[in-house]
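Residue numbers (the working numbering), protein chains in the order written: chain A, 11 to 525; chain B, 1404 to 1731; chain C, -6 to 312.
Think of the CB as a built atom: it goes at the ideal place given N, C-alpha and C, for glycine as much as any other residue.
Predicted model, so just to flag it, every value in this text is computed and none were measured.
Heads up: the structure comes next, in structure tokens.
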């Protein structure tokens, strides 16, 4: 792993940003209560806390998207009276949100240029200048991206680099990164950390929000923990260990995050032989999974894990090889067929595919079993609510009511709702795609516990995850994918992070070089 | 960022009562005003006349409701009415078919035309607005082409014309039972079937629905095929009512239908809407047109008022929702 | 970058094929003033299409321009009839168009209402309002300075064509080289991202409807001045004609992409089809059917390259 921390030696330490006693409420709910925070030049200051602890709100106040109800913001020892995105930019603040804020239809050069160019709506646009500037900025962070490429055609890591380039172009002194590695695989994370290292060497201060506590120890100098809208602790990272951090975050002891039970495996439930799908880039995938087994799918982003799941679920039907369920060959040409066969897929994008935000909890929970809650095609509202209530109780989903829209739930509860929807189909195989991504420690533990319990009941689980600790902690076997096919399958006992990574990366000559 | 904090689409009783309640009040207001201003307004005979004249647009409107609920739109419905009318006339006059057979064939063709829209939308993934813009031209164009722009089919048999001009027991216009059945069918489909639930899910999030195992393309296909079939049925009734079939039949009907649907509270973005609302919106417009006529006021006033009404309804809804979010 | 402008190239090729076919099979098409007539007739459509391109690029739509067009034409006629000097008549038409566009703009940008329904409502209201006022009557007894701007047919025609092309050139330059033009693309591509870079989406959306109104007013002038009287139904069906041309030319209804080069070809193609068919021996009453087919074929031939990550359509009015 790349370590990018410079000497913690003495030297001028100027404070770039200071927040004192920030308070903010939304419609009666207090998001922040007298929070203080400061950022020094050249430091990476981690901001951690469970979902709902107030991190996003704090960031938005700094970025000018929200105005605090009370408290003050100081930039370079100057009080900021009024803030908005424009003002924040002139103050040298740049934010890189989890969802890339690029214009998908515009070129990289234009994306970088927009917002950097002074002047009003009547100013003249010089395209050659734009292209040149974009190329310069991208080169500075070592990104090989064509300035004339459409931003929408770039991969997530590439889009992130464009955003960093843009922040650089704005002479940002304060860079806020919200879950920057959530969609990156190990090698891309390394590259990002190198870039961060360069930025801090230039005196840029970085506020780094992440749930990946292990990464923080690689990259951050100080850490501030928020809980329920209040600052709980703010100190150098060296002074706290991981367990202490978690304790600060949740305010209670958390049982082991990976409650793995030993389970006796049943017969092979799902098997694939030479499975391929040209559209999705999968080829020659052969594996099997038994009842009660948790098969972890590891690999770089784009290695084909989600793509494999989509093939198994019928979103992109296979065009080569075969799938066998319970020994019999089956053809899965659409999701409904997969469901009939007993395959369930909880997708990665919780908010767009996992649940439907504007539909009620009850409707979401029963969306995959419409036929079962209907008689002769007609909906049985009573049965729907009964089924929904049963699952809400079983999975301890915290909801205002069965009629509340799914969008009103927290991330962890939305994930549980998505899970409930698929458990209702009584599947034989459950495919989970990044089940705990962006979820706080408490909810993470709950979901892992659920997974273990389901496995114990005989469910076969395929778990796609980019968090190696999770892969190692939960899987019975680990299937490592690379370039659309299987690199190897490792047993739990002998698997290590290094082995998985080296399989995921492949031999040096085989690497594709995106950036 | 949720635009509204509603419960499940069909069951948000509070707001639905509010929106449909307002429409009911509006209707009551219209009836009150016109019973004063108009001659012979407040009579069952007139009420039936209103129904008679609303059936064709009404059929388009109830079929348009599921289309808009799925987040789509069908601009070609009126043109398809025209094409269906022309084809019906041709099959009867030049093809020698009895009117009943011709009518059935017409409905079949209407469904197929809707299927063409569906194919382009689902297979080629082209926006419904654009596809139905093209078919809007195409269908009307075919109607004009087939009639040379001038041909007019007339002379239909009495028993056929009864469907559009006759009266059943109690003075009910002959086309009413058909309309009631059609509206009831769509109501059942949208609000009581699993297919309907799928349509709402699809309207809120096509990707989300797909990932839930809902056969999105089949559902989308269904609503456009239905829209086509209903346009054809409306065409047959139109021809029966007017006694003639020309290429310009149904011009502008799709926009009136869309107006009724949106006035009725269905969101143009999809995922929310109710057939009852559409019917109330339809009758709010129809009563207005009828009342103005009987009050000897200019017919254009109806259009102006409907336009303003639509804006008013949308604005009110928007302000309510913006306030609603702040409250929660 | 031909991948990016695939549609524009295809349509250009299709148009070229049409022109070529005419040259071979019916060269009589190019004689006399037929071509000029087509150009003059499509000048108003082109002007309106410039505005509509910006509207659709901004991820909005305006189906009320037909009614605006009719009203501006009638207003111009009435002003001229009343003896107002021609320059003032022209200004009046533009201002009226601006005003009508501003109404749409306020409703869409100010209240955050969806543009398709707003412009549906304004279309109906304006159309019926005009019908009530004019009762279908043509505006007659116009002073000689009205028709052809008082310049006589030949000069007048060239003026109209030049004006349309001039607007098109200005539009092309503006959409590419002026920040405000780029703002249309930004807002249409991702409204939230636009907000984050300091663009104010509501202003941009208001501006685009205002612009559409002004251009519609101009288009109405370029149409009305061809005749000795003003037809109050001149704008009937204009919006769909214009939208079809813009969409055929490659502008995406989802916003953020589109060129005026494509729009120009789209306008030309759809305008040429009718007369071309007549010359190639087809009966005129199939024109609409063929136009509809062209629209469908043009949009069907598109392949959307890959998935786009973008925020869900957000309201202009933040709750």
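Closest to residue i by C-alpha separation, out of the options, would be which residue?
i: residue 1520/B; options: 1505/B, 1539/B, 1510/B; result: 1539/B
i: residue 62/C; options: 37/C, 79/C, 236/C, 294/C; result: 37/C
i: residue 272/C; options: 137/C, 58/C, 28/C; result: 28/C
i: residue 1667/B; options: 1651/B, 1448/B, 1687/B; result: 1687/B
i: residue 226/A; options: 57/A, 144/A, 94/A, 289/A; result: 57/A
i: residue 575/A; options: 89/A, 386/A, 515/A, 508/A; result: There is no way to answer for residue 575/A, as the model of chain A reaches only from 11 to 525.
Kindly say whether residue i, judged by its beta-carbon, lies nearer than 9 Å to any beta-carbon of chain C.
i: residue 135/A; result: yes
i: residue 127/A; result: yes
i: residue 132/A; result: yes
i: residue 1692/B; result: no
i: residue 113/A; result: yes
i: residue 447/A; result: no
i: residue 1409/B; result: Low confidence applies here, because residue 1409/B scores a pLDDT of 35, under 50, leaving its location unreliable and the question unanswered by this model.
i: residue 95/A; result: yes
Can you give me the C-alpha to C-alpha distance between residue i and residue j, rounded to a whole angstrom?
i: residue 336/A; j: residue 286/A; result: 20 Å
i: residue 1494/B; j: residue 1501/B; result: 9 Å
i: residue 1455/B; j: residue 1579/B; result: 7 Å
i: residue 248/A; j: residue 255/A; result: 11 Å
i: residue 310/C; j: residue 1573/B; result: Low confidence applies to residue 310/C: its pLDDT is 47, below 50, so where it sits in the model is not reliable enough to give any reading.
i: residue 102/C; j: residue 196/C; result: 7 Å
i: residue 288/C; j: residue 1617/B; result: 31 Å
i: residue 1508/B; j: residue 1577/B; result: 21 Å
i: residue 383/A; j: residue 163/A; result: 41 Å
i: residue 1670/B; j: residue 326/A; result: 31 Å
i: residue 444/A; j: residue 106/A; result: 22 Å
i: residue 28/A; j: residue 82/A; result: 8 Å
i: residue 49/C; j: residue 248/C; result: 6 Å
Does any C-beta atom of chain A lie closer than 9 Å to the C-beta of residue i?
i: residue 133/C; result: no
i: residue 86/C; result: no
Using a Cβ-Cβ distance cut-off of 9 Å, determine whether residue i contacts chain B.
i: residue 355/A; result: yes
i: residue 100/C; result: yes
i: residue 276/C; result: yes
i: residue 399/A; result: no
i: residue 48/C; result: no
Determine, for residue i, whether the minimum Cβ-Cβ distance to residues of chain D falls below 9 Å.
i: residue 345/A; result: The structure shown contains no chain D; its protein chains are A, B and C.
Which residues in the same chain have their Cβ closer than 6 Å to the Cβ of residue i, if we skip the five residues on either side of it in sequence?
i: residue 207/C; result: 87, 90, 91
i: residue 1586/B; result: 1465
i: residue 1693/B; result: 1453
i: residue 454/A; result: 446
i: residue 441/A; result: 319, 355, 472
i: residue 24/A; result: 51
i: residue 199/A; result: 191
i: residue 330/A; result: 286
Only counting the same chain, and skipping five residues up and downstream in sequence, which positions put a Cβ closer than 8 Å to that of residue i?
i: residue 11/C; result: 262, 265, 266, 269
Going along the chain, which residues of its own chain have a beta-carbon closer than 7 Å to the beta-carbon of residue i, five neighbours each way excluded?
i: residue 82/C; result: 69, 72, 73
i: residue 410/A; result: 418
i: residue 315/A; result: 307, 309, 474, 491
Counting pairs of beta carbons, one from the segment 217 to 235 of chain C and one from the segment 132 to 142 of chain A, are three or more of them closer than 8 Å? For the pair of segments examined, the segment 217 to 235 of chain C was found not to touch the segment 132 to 142 of chain A: the number of CB pairs separated by less than 8 Å stays below three.
Contact the segment 291 to 306 of chain A vs the segment 477 to 493 of chain A: 3+ CB pairs below 8 Å: yes
Counting Cβ pairs, one atom from each stretch, are 3 or more of them under 8 Å apart for the segment 154 to 174 of chain C and the segment 124 to 142 of chain C? no
For the 8 Å Cβ check, are there 3 or more pairs between the segment 1584 to 1591 of chain B and the segment 1656 to 1663 of chain B? no
When you compare the segment 359 to 367 of chain A with the segment 393 to 406 of chain A, are there three or more beta-carbon pairs, one atom per stretch, that lie closer than 8 Å? no
Spell out a yes or no on whether the segment 234 to 242 of chain C and the segment 1528 to 1545 of chain B are touching, meaning 3 or more CB-CB pairs, one atom from each, closer than 8 Å. yes
If you pair each beta-carbon of the segment 1666 to 1675 of chain B with each one of the segment 1604 to 1613 of chain B, do three or more pairs fall below 8 Å? yes
Take every Cβ of the segment 237 to 246 of chain A, pair it with every Cβ of the segment 277 to 296 of chain A, and state whether three or more of those distances are shorter than 8 Å. The segment 237 to 246 of chain A and the segment 277 to 296 of chain A do not touch, with fewer than 3 CB-CB distances between them shorter than 8 Å.
Taking 8 Å as the cut-off, does the segment 113 to 120 of chain A touch the segment 156 to 175 of chain A (at least 3 CB pairs, one atom from each stretch)? yes
For the segment 42 to 60 of chain C against the segment 105 to 123 of chain C, are there 3 or more C-beta pairs whose distance is under 8 Å? For the pair of segments examined, the segment 42 to 60 of chain C was found to touch the segment 105 to 123 of chain C: the number of CB pairs separated by less than 8 Å reaches three.
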